[in-house]
Every structure is written in structure tokens, then in C-alpha cells.
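Chemist:
There are 2 protein chains.
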Amino acid sequence: MNYNTTEINRQLRKSGFRVTPQRQLILDAVYKLGEHVTPEAVYDYVHRIAPTLSRATVYRVLHFLTEQRILAMVYMADGHLAYEMAGAEPHHHLVCRTCDSLFELPHSVLRSFRQTMDTQYDFEIDVSHLSFFGHCTDCRDSTGA
Amino acid sequence: MNYNTTEINRQLRKSGFRVTPQRQLILDAVYKLGEHVTPEAVYDYVHRIAPTLSRATVYRVLHFLTEQRILAMVYMADGHLAYEMAGAEPHHHLVCRTCDSLFELPHSVLRSFRQTMDTQYDFEIDVSHLSFFGHCTDCRDSTGA
DNA sequence: TTCCTTATTGCGAAAATTCCCAATAAGGCG
DNA sequence: CGCCTTATTGGGAATTTTCGCAATAAGGAA
Ligand SMILES: [Mn+2]
Ligand SMILES: [Mn+2]
Ligand SMILES: [Zn+2]
Ligand SMILES: [Zn+2]
């Protein structure tokens, strides 16, 4: 999979935003680094290539690209934010508060919930990457014992 | 509504934790300050009464009381964490990414979703206070126009 | 290609949050 | 009531994230 640079750039310009080398490099970093990429990992990556690119820009651009639905952000078990490409089929997380283990949830299980929000509240939930916290099979017993 | 101090203390001690004046004061602060209380607001409150109580302790105790299900934490529109008492009937949020407006969601709308997670994944989602981000009635049109 | 407008960046300071560790003090036990 | 174990705190440093603003440069128009 390779993201369509030309299409993304066109989209940004059409919305009045600018395509800067910083934005392109940061997006590329997230793409190359894979899933659940932290701002610090992005900074390390881009810093080698563009040593003057500042941390502030990394944070700003990650936030910006998320607003543009080009990236998806996700809360990890430690409460920190991570990012990844927002393409294709999203997936979600079940995060155990006790053992920190992480289970992936297919997008399909959210369909009916989204639909309910849509029809009953006229609210379109952004489902690019959700995290639900709770307790997994192994840990849910030990709590109530 | 008044929370049961005696019962909470007993519960904590039974689990091997200690009931400290700091923990009691911080819990009291959240209770008195109401919904969506930020760590800084808690610090300001307790600092007047106990000037040596440190910020680190505020963060630690808020986190701790959340683990103990005495408090509930919630992500606000600005991405920051807030806390509130975890008692009785929970409610949830629909937060618009465009206009930052916040709609309250009754607990009931999550029932079927929780049940699905429970039966299909044997995962007990903690529903003390969830936030769903997306786009509200007014803002969802302007996006696709 | 050059010019202009203004979106975006870099940098340093500020703010928010976490970490570390020696000092403190709960609370169980005798 | 004292003693001991060890959970918890205070305080400051470290880390993470945000802010403010002057300098820069994207890109539309001429
Ligand atoms: Mn994921
Ligand atoms: Mn709320
Ligand atoms: Zn678990
Ligand atoms: Zn809105």
C-alpha cells in the first residue's frame, strides 16, 4: 500500500492549506513507521533528514493531518497519543486497564452503534480509530473475587 | 448526594491501600468542584488547605482513585483529561471536532454495545464516562459541501 | 517570472505531566 | 500505646506538549 501523494496535496490546496516539505516529511514518517506512531518517534525520524524541523511543528502537523482525516489518532494503554495512516478499513482497540493488553476490534462491530448515533442524535461519530478501556477475560474475574 | 467516606476508606484498606489525608482531600475537592474537574483545579483547591500538597500527588491520586473506580476520567474537547465522582448513573459525551460543542449521552444508549463486547469478546468495557468525537448536526454538512 | 498575501515554521519560553528517590507516616501487630 | 514494614508523599529535575511571535516561504495572480 502506498498513499496517493498527488491526491492528498491537491485536496489540501483545494481547502486553502499549503503543501510544505515539513508536512510531506512528517506524513511520510508516519507511513514508514507503521501503526501507533508516537510524536517522539516521528520527531526522531524527521530530525535525521531535516535537523531544523522543530518539535512544535511535529505536534502541529500531526494534529493538522488528523483534522484533515489523513491520519488517525489513538489513545494507547499508557494514555499517550499515537498516530497512523487513516486509510481503508479502520480498526479499534480493547485495552485492559489491569494488564494493559491490547485487543484489536474489527470496524464492523461499531456499525450499529454508529447508526444509532446517526439516526437518533444526528451525530456522525468519527470511527477512524477508537479505544475502549475495560477488563479482559483474564482480569475481569480477579476484580470481583 | 454525599459519598460514603467510611465505606470508601474500608474498601481501600481492605485492598492494602492507605487512607491518607491527601487522598481524602483530593477526593473531596473533586466532589465539591463537580463535573469535569481538571487536575489544575484540584491543585488550586487543595493547595489553599494544604499548601505543601504537591502537584505530583494530585496527578498520582487522581489516577489512583480512577483505578479504584472511585473517580471517572474523561477526555474533554481540548484533549485534556478531567475527572469526576464515579457514582450512580454514568453519562457520556458526543464532542464535535469542528465546533467543540459537547452533547451529553445517556448511559442507556451504550447498553447493547457493551453487551456485544461482553458476549462476543468476553471484554468488560468500563463505561464510567466515554467520549465520542465526530461531527454534530450543524457541522456535518459543511464538511462535505 | 515576480510580487503579495498570509499560512506555516522555528525557536525559545511557558505550561503540563511524569519521574526519581530520600523522608514520612499509615496501620497491622504485639 | 510503641514498633516495623512499606505504601505514599514532597520536591525538584526531567520530559512532554503547548504557546507566542517574528521570520519564512507557498502559491495564486498579474
Ligand atoms: Mn491500532
Ligand atoms: Mn460529562
Ligand atoms: Zn487484562
Ligand atoms: Zn459542531
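Chains G and C, in that order, give the protein sequences. Under my numbering, the first residue of the first sequence is numbered 9, with each subsequent residue one higher. Under my numbering, the first residue of the second sequence is numbered 9, with each subsequent residue one higher. Think of the CB as a built atom: it goes at the ideal place given N, C-alpha and C, for glycine as much as any other residue.
Name the chain C residues whose beta carbon is nearer than 7 Å to that of phenylalanine 25 of chain G?
Modeler: Chain C residues near phenylalanine 25 of chain G: none, gap ~15 Å exceeds 7 Å.
Chemist: Heavy atom of ligand 4 less than 7 Å from the Cβ of serine 109 of chain C, yes or no?
Modeler: Because some heavy atom of ligand 4 lies under 7 Å away, the Cβ of serine 109 of chain C counts as near it: yes.
Chemist: Tell me which residue opens and which closes the alpha helix (DSSP H) that serine 139 of chain G is part of.
Modeler: No alpha helix (DSSP H) holds serine 139 of chain G; the beta strand (DSSP E) holding it covers 139–143.
Chemist: Among C/Ser139, C/Arg31 and C/Gly42, whose alpha-carbon lies nearest the alpha-carbon of serine 62 of chain C?
Modeler: Comparing Cα-Cα distances from serine 62 of chain C to each of C/Ser139, C/Arg31 and C/Gly42, the minimum goes to C/Arg31.
Chemist: To the nearest angstrom, how far is it from the Cα of threonine 46 of chain C to the Cα of threonine 65 of chain C?
Modeler: Taking the straight line from one Cα to the other gives about 14 Å.
Chemist: Could you give the distance in angstroms between the alpha-carbon of valine 103 of chain G and the alpha-carbon of aspartate 52 of chain C?
Modeler: Spanning the two alpha carbons is a distance of roughly 32 Å.
Chemist: Would you say leucine 102 of chain C reaches chain G, if we count a Cβ-Cβ gap shorter than 8 Å as a contact?
Modeler: Yes, leucine 102 of chain C lies at the interface with chain G (some Cβ there is under 8 Å from its Cβ).
Chemist: State the CB to CB distance for the pair glutamate 92 of chain G and histidine 44 of chain G, rounded to an integer number of angstroms; the pair is presumed to be in contact (CB under 8 Å).
Modeler: Indeed, because the Cβ distance is near 6 Å, the residues count as touching under 8 Å.
Chemist: In the structure shown, what three-state DSSP assignment does glutamate 43 of chain G receive?
Modeler: Of the three classes helix, strand and coil, the one that applies to glutamate 43 of chain G here is coil, per DSSP.
Chemist: Taking leucine 79 of chain G as part of the beta strand (DSSP E), name the residues at either end of that continuous run.
Modeler: Its beta strand (DSSP E) spans residues 79–83.
Chemist: Please report the Cβ distance between histidine 99 of chain C and serine 139 of chain C, rounded to the nearest whole angstrom; I am assuming they are in contact, meaning their Cβ atoms lie under 8 Å.
Modeler: Their Cβ separation, rounded to whole angstroms, is 11 Å, which puts histidine 99 of chain C and serine 139 of chain C out of contact at 8 Å.
Chemist: Can you determine whether any heavy atom of ligand 4 sits closer than 7 Å to the C-beta of histidine 143 of chain C, and answer yes or no?
Modeler: For ligand 4, at least one heavy atom lies less than 7 Å from the Cβ of histidine 143 of chain C.
Chemist: Give me, in chain order, the residues of the same chain whose beta-carbon lies closer than 7 Å to that of cysteine 147 of chain G; leave out the 5 immediate sequence neighbours on both sides.
Modeler: Within the same chain, cysteine 147 of chain G has close Cβ partners Cys104, Thr106 and Cys107.
Chemist: Taking 7 Å as the line, does the beta carbon of valine 82 of chain C fall inside it for any heavy atom of ligand 2?
Modeler: Yes, Cβ of valine 82 of chain C sits closer than 7 Å to a heavy atom of ligand 2.
Chemist: Quick one: which residues of the segment 50–76 of chain G get their C-beta closer than 8 Å to a C-beta of chain C? List them in chain order.
Modeler: Per Cβ criterion, the list reads Glu75.
Chemist: Alpha carbon to alpha carbon, how far is glutamate 132 of chain C from arginine 122 of chain C?
Modeler: Near 7 Å, if we compare the C-alpha coordinates of arginine 122 of chain C and glutamate 132 of chain C.
Chemist: Can you pull the chain G residues whose beta carbon is under 9 Å from the beta carbon of valine 117 of chain C, in chain order?
Modeler: Per Cβ cutoff of 9 Å: Phe121, Thr124, Met125, Gln128 and Tyr129.
Chemist: Taking the Cβ atom as the reference point for each residue, do serine 109 of chain C and cysteine 144 of chain C lie within a distance shorter than 8 Å?
Modeler: Result yes, Cβ atoms of serine 109 of chain C and cysteine 144 of chain C sit closer than 8 Å.
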